[in-house]
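Protein chains in written order, with the working numbering: chain A, 1 to 252; chain B, 1001 to 1252. Each residue gets a CB set at the ideal place from its N, CA and C atoms; glycine is no exception. What follows is a single structure, written as structure tokens, with notes after it.
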């Protein structure tokens, strides 16, 4: 049984707490949260502390707070030489305070508070200072996911940038599609099958093989019509830049 | 039994031919193709003509050729006052020659030759000059899809622009994610679950509710790190423009 303390009460922390509570072979012994009431819907008050001095002993400590707060929180921990992890894709390994052994437990997924998540298909990217710690983190990872992988900090950084493109920016393009529909009294749901198929396609084809549309065909008439249609200058710029970029990739 | 002639042998035409061949209540009586050999894997040579004069009688004719060719092809048809449709999202209704009755049969999906498509969930957007023709087109649509809808030309145009954003441009962001992974020796497949979840999310949440990431949080440290990381200036520009655009939407 791996004894875990989670430190944090935000979006990712809440999803982690939920999966650890229902996972066999892990024991969520405590959660540290500055505002325990944020977690009252998830676990009993006596499992939560907001006092650093009262953090209990565990096999590992997972800091899941905003990137800016990781350094300070890890410095406040009142113990030494224990295994302390953070869950951030973009924060350095070295941001964790030196007094404890360091590790990374980065679940590569988009978490929204209001939407439940199945962890089993989520890649969990792991890193540790020594092999014994790595084994322990890997055991924890294997308890909640089928896709645990060891990656170094440079790879993690690159994955985080890539994730911003394929998730945050993609979702923003959905948002633009949604706005265009709204302005023209077409339900956004009409685009759902297209959105799903576009995502499914790249499970079978590379994105380069899957590319279609006026930019790829260099269909200048349609591209001009679309640019005329778009009134929002930011969307017009995006349309032009993305069109150019598709055409550059085509030539590679 | 609705008798259909398909005119064209490209990507969309081939998918249409395949679905019409296996659909009850429709009879694909003939296909017109300038190069019949393009279709030899789909249907018998005697079902294909490349001579306009030999096009047979049918209830409707579906022109599924590149946007630039629709006008010319519809002008070449050697008959009058029959129902002739095109399948383009971006071409005008009026591009079809006046000698025949006009209609639109626009399946809103991304078609790749090498990937089979289930038509039943695909929205088919329909338009016609008169109600009797509309009924016939709707009957045809209902034979192959569960999501037939009447939309006017302005709405169709807006849907096509929106589709470019949520499909072609989204796929290009997948392509960028793929390149970043490749350069850093991380398998692109690690991003698959994130891509699928990002697409699934907007079936339950609006894109605005589903938005996450450094741009939304205005996490300037991470944004700077990512911009430093990106060496390709086009991707850097895209990163900046998309980040700005997310922040503008947030303020709305």
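Proximity test, Cβ basis, 7 Å: residue i and chain A
{"i": "residue 1213 of chain B", "result": "yes"}
{"i": "residue 1245 of chain B", "result": "yes"}
{"i": "residue 1164 of chain B", "result": "yes"}
{"i": "residue 1226 of chain B", "result": "yes"}
{"i": "residue 1109 of chain B", "result": "yes"}
{"i": "residue 1180 of chain B", "result": "yes"}
{"i": "residue 1141 of chain B", "result": "no"}
{"i": "residue 1197 of chain B", "result": "yes"}
{"i": "residue 1130 of chain B", "result": "no"}
{"i": "residue 1078 of chain B", "result": "no"}
{"i": "residue 1175 of chain B", "result": "yes"}
{"i": "residue 1065 of chain B", "result": "no"}
{"i": "residue 1241 of chain B", "result": "yes"}
{"i": "residue 1184 of chain B", "result": "yes"}
{"i": "residue 1158 of chain B", "result": "yes"}
DSSP state of residue i mapped onto helix, strand, coil
{"i": "residue 115 of chain A", "result": "coil"}
{"i": "residue 1176 of chain B", "result": "helix"}
{"i": "residue 1048 of chain B", "result": "strand"}
{"i": "residue 141 of chain A", "result": "helix"}
{"i": "residue 226 of chain A", "result": "helix"}
{"i": "residue 1207 of chain B", "result": "helix"}
{"i": "residue 1186 of chain B", "result": "coil"}
{"i": "residue 1136 of chain B", "result": "helix"}
{"i": "residue 39 of chain A", "result": "helix"}
Cutoff 7 Å: residue i Cβ touching any chain B Cβ
{"i": "residue 190 of chain A", "result": "yes"}
{"i": "residue 172 of chain A", "result": "yes"}
{"i": "residue 72 of chain A", "result": "no"}
{"i": "residue 232 of chain A", "result": "no"}
{"i": "residue 17 of chain A", "result": "no"}
{"i": "residue 145 of chain A", "result": "no"}
{"i": "residue 210 of chain A", "result": "yes"}
{"i": "residue 13 of chain A", "result": "no"}
{"i": "residue 81 of chain A", "result": "no"}
{"i": "residue 103 of chain A", "result": "no"}
{"i": "residue 87 of chain A", "result": "no"}
{"i": "residue 152 of chain A", "result": "no"}
{"i": "residue 93 of chain A", "result": "no"}
{"i": "residue 169 of chain A", "result": "yes"}
{"i": "residue 90 of chain A", "result": "yes"}
{"i": "residue 148 of chain A", "result": "no"}
{"i": "residue 194 of chain A", "result": "yes"}
{"i": "residue 137 of chain A", "result": "no"}
{"i": "residue 122 of chain A", "result": "yes"}
{"i": "residue 30 of chain A", "result": "no"}
Enclosing alpha helix (DSSP H) for residue i [first to last residue]
{"i": "residue 198 of chain A", "result": "192-204"}
{"i": "residue 1237 of chain B", "result": "1233-1251"}
{"i": "residue 11 of chain A", "result": "11-22"}
{"i": "residue 1155 of chain B", "result": "1153-1163"}
{"i": "residue 54 of chain A", "result": "Segment: none, residue 54 of chain A is in no alpha helix (DSSP H) and carries neither H nor E."}
{"i": "residue 215 of chain A", "result": "214-217"}
{"i": "residue 1069 of chain B", "result": "Residue 1069 of chain B -> no alpha helix (DSSP H), and no H or E assigned at all."}
Continuous beta strand (DSSP E) stretch holding residue i: start and end
{"i": "residue 1060 of chain B", "result": "1060-1063"}
{"i": "residue 147 of chain A", "result": "147-150"}
{"i": "residue 6 of chain A", "result": "2-7"}
{"i": "residue 30 of chain A", "result": "26-32"}
Under 9 Å from the C-beta of residue i: neighbouring residues of chain C
{"i": "residue 1068 of chain B", "result": "Reference to chain C is not applicable here, since the protein chains of this structure are A and B."}
Touch test, the region 1028-1036 of chain B against the region 208-228 of chain A, Cβ-Cβ under 8 Å, three pairs minimum: The region 1028-1036 of chain B, when compared against the region 208-228 of chain A, does not touch it at the 8 Å Cβ threshold.
Counting pairs of Cβ atoms below 8 Å between the region 156-170 of chain A and the region 1167-1180 of chain B, do you hit three or more? Touching, yes, given that three or more Cβ pairs across the two stretches are closer than 8 Å.
Please give the ranges of any alpha helix (DSSP H) in the region 1073-1131 of chain B, keeping only runs that are unbroken, at least 4 residues long and fully inside the region. The qualifying runs do not exist here; there are none.
Count the CB pairs spanning the region 1193-1201 of chain B and the region 103-123 of chain A that are closer than 8 Å, and state whether there are at least three. At 8 Å Cβ cutoff, the stretches touch.
Touch check for the region 85-100 of chain A and the region 69-77 of chain A: three-plus C-beta pairs under 8 Å? Taking 8 Å as the limit for Cβ pairs, the verdict is that the region 69-77 of chain A does touch the region 85-100 of chain A.
Is the region 1097-1105 of chain B close to the region 1127-1138 of chain B, with three or more CB pairs under 8 Å? With the cut-off at 8 Å, the region 1097-1105 of chain B and the region 1127-1138 of chain B touch.
Three or more C-beta pairs under 8 Å: does that hold for the region 1208-1223 of chain B against the region 1175-1189 of chain B? The region 1208-1223 of chain B vs the region 1175-1189 of chain B: no contact.
The region 1037-1050 of chain B in contact with the region 227-243 of chain A per 3-pair CB rule at 8 Å: At 8 Å Cβ cutoff, the stretches do not touch.
Is the number of C-beta pairs between the region 14-25 of chain A and the region 137-147 of chain A that are closer than 8 Å three or more? Touching, yes, given that three or more Cβ pairs across the two stretches are closer than 8 Å.
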